[in-house]
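Note that the sequence shown ends on residue 510 in UniProt numbering; no numbers are left out. Note that beta-carbon positions come from the ideal geometry of N, C-alpha and C, so glycine has one too. Working notes, beginning with the structure itself.
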Amino acid sequence: MCFERALSATTRVMGIPEIVDLICDLGCLSRPDLANLCQVSRYMLDIGTPLLWRNATAESLLGLIDSADLCWRSSGALLSIVCNVYVFATPGVKEVSLVPNWATSSGQIPFSLGSTILKALVDFCPSIQTLDLSTNDLPSPTLVANARFRTALAHQPTRPWYQELEHLTRLRHLTVSEGWLHPASLEVLGSIPQLESLAIAPGELDDNFDYRSDPGPVVPSGAFPQLTKLSLLELDGYDVGIILSIVEITRKITTVKLELSFDSVLDDTYWELEELFEKLRNAVSLRELHITFPFSPEEGERSINAYDSIEKMGPHLSLEYVYINGIRIDRCRRTCNIRKLASIWPNVRTLSMPSQSASIRELEEFAALPSLKHLTVNLDLKHPGLPTELDFECTTLETLTSSGPVRLSTVYKDLSLSARVLLSLWPSLERVTWSDEDPARTQLAHFFNSEVLPFNRKLLFGTPRDNAESFANMSKKEMKALFKLVMEDVEEADSDSDVDTNFSEESGSE
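Here you go:
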């Protein structure tokens, strides 16, 4: 085809991507029209591709990059990261993530090398807004024995690593290591005018510096003027407490994310936990709180027993979202009730504690939170107790989710009792959601949501009092028949199946 030939109006229109998308999305093209469309598209490809590559240069293509995620190859060529920075760092880059390869002997970024990397970023992409640079000067003995790492560690930059950061004035999101808590570098961090999000990961500075020493890190008044989000990743609980005690960091924080790593353990409790929650008192503007402690149940590990540690954080009137995983409050051993959380979390709307086992009794205490709309716990409704008299006003709960398998009784009387107690706590509750793939248990859960809950809601709220008893008697036979059909499909369960009792005529009546 001759490129100098005048293009038809149709061909020109087909060069507009939005119009092509609109035509294809309509889905009403006939087969001949679709064939013509394919022919025109192929024509545009034939003339467009050569023109693109004929005028393209490496510089112009690299200029289109706005995000660079750089890491080492498995071979661990440490200094290649600097070469990659010089190649990909262009004025258009807004995001750079330099990910250490912790698994290799030369996968760490020493602070001195970090200075060189920062200098390259300052020279080539000063408008960068997001930077992930976790440096570490205290490697394992294996790393010290590695010649490449020793070479990088001995690298002498022209200026200290933190001084280059002063020129990246448009940074909004920054991830660094705990070695940056050195007074000089911490002061630079606090002076970044637009910094909104700060994440601190493991990685210490080999300069005989220990930020844990008394009185701990100090920053000038007015530092971190725009900081609203703080993430502390895989740090020891004691270290987390020290960082949270820096008032200039926490005073305007609205979101805190803590990924904990504890060394000292005594009877599945951690003494640092109480101090950690106490340090959260400084975060008076807190709206979202995320706390995670990783543990492996398959290896016999247990979640942390918090006792009354959570209460130590004191009242937080702005807090609306709480996610706490790997931490539980044991009912038999705690010194105070879960319901006391209502006094410190009066406005929490979403509470997720996947590691917290919750029977009817625990749910009664969670119901005391006055603003709760969404609750996630590890539900256990196999053995419901009789409801207690509530001394607080019921809230309008929108969702109740279980982080574990279905735990419902197969005795109809207990199943119905569970529904009545749940509705007495939260009259607005429509259904309960479980994380379970077992067909028998999910069938029982479906029956509970679709039949038992609506049936008991009508008994409690939907029928005039003078007709309530006759309505109940009329419906029990139908419910009993439905329940029998469900139970015929439910197999005998193992210890996790939560099917512990076979249905009988006596247990199915009320």
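DSSP places residue 301 in the coil class of the three-state scheme, outside both helix and strand. Here residue 91 is exposed. Its C-beta has fewer than 16 other C-beta atoms within 10 Å. Contact between the region 218-232 and the region 160-170 is absent: fewer than 3 CB-CB pairs across the two stretches fall below 8 Å. For residue 271, the number of other beta carbons within 10 angstroms of its own is below 16, and it is reported as exposed. Counting along the chain, residue 443 sits inside no beta strand (DSSP E); it lies in the alpha helix (DSSP H) bounded by residues 439-447. Here the C-alpha atom of residue 330 lies approximately 37 Å from the C-alpha atom of residue 462. By the Cβ-count criterion, residue 314 is exposed, with fewer than 16 other Cβ atoms from all chains shown falling within 10 Å of its own Cβ. Under DSSP, the beta-bridge partners assigned to residue 324 are 291. According to DSSP, residue 436 shares a beta bridge with no other residue. Bounds of the alpha helix (DSSP H) holding residue 360 are 360-366. In the DSSP secondary-structure assignment, residue 282 is not bridged to any residue. Its Cα nearest to that of residue 308, the residue 328 stands out among 126, 438, 328 and 451. Put simply, the backbone Cα of residue 362 is about 35 Å away from that of residue 249. Across the set 288, 431 and 303, the C-alpha of 288 shows the shortest separation from the C-alpha of residue 230. For residue 460, no beta strand (DSSP E) run applies, since DSSP gives it neither H nor E. Check the Cα spacing between residue 124 and each of 94, 295 and 451: the tightest is with 94.
Contact between the region 228-243 and the region 271-284 is present, with at least three C-beta pairs closer than 8 Å. Residue pairing for residue 230: DSSP places it in a beta bridge opposite 198 and 256. One thing to note: residue 324 has its Cβ no nearer than 8 Å to the Cβ of residue 366. When 443, 455 and 312 are compared, the shortest CA-CA separation from residue 427 is found for 455. For residue 414, there is no enclosing beta strand (DSSP E); the residue is found in the alpha helix (DSSP H) stretching over 412-425. Put simply, the backbone Cα of residue 450 is about 55 Å away from that of residue 189. Looking at 262, 348, 389 and 352, the one whose alpha-carbon comes closest to that of residue 371 is 348. Relative to the Cα of residue 312, the nearest Cα in the group 179, 282 and 406 belongs to 282. Residue state for residue 356 is assigned as strand, using DSSP reduced to three classes.
Non-local beta-carbon contacts of residue 399 in its own chain, meaning distances under 6 Å to residues more than five positions away in sequence, involve 374 in chain order. In the structure shown, the three-state DSSP call for residue 378 is strand. Judged by their CB atoms, residue 186 and residue 160 are not nearer to each other than the 8 Å cut-off. Going by DSSP, residue 343 is part of the alpha helix (DSSP H) stretching over 341-344. Straight-line measurement puts the Cα of residue 298 at about 23 Å from the Cα of residue 235. Of all alpha-carbon atoms in 441, 245 and 122, the one lying nearest the alpha-carbon of residue 212 is that of 245.
The beta carbon of residue 111 is closer than 7 Å to those of 135, 137, 161, 179 and 205 in its chain, skipping five residues each way along the sequence. Taking 8 Å as the cut-off, the Cβ atoms of residue 292 and residue 254 do not count as close.
When secondary structure is reduced to three states using DSSP, residue 95 falls in the strand class. Secondary structure at residue 132: strand, using DSSP grouped into helix, strand and coil.
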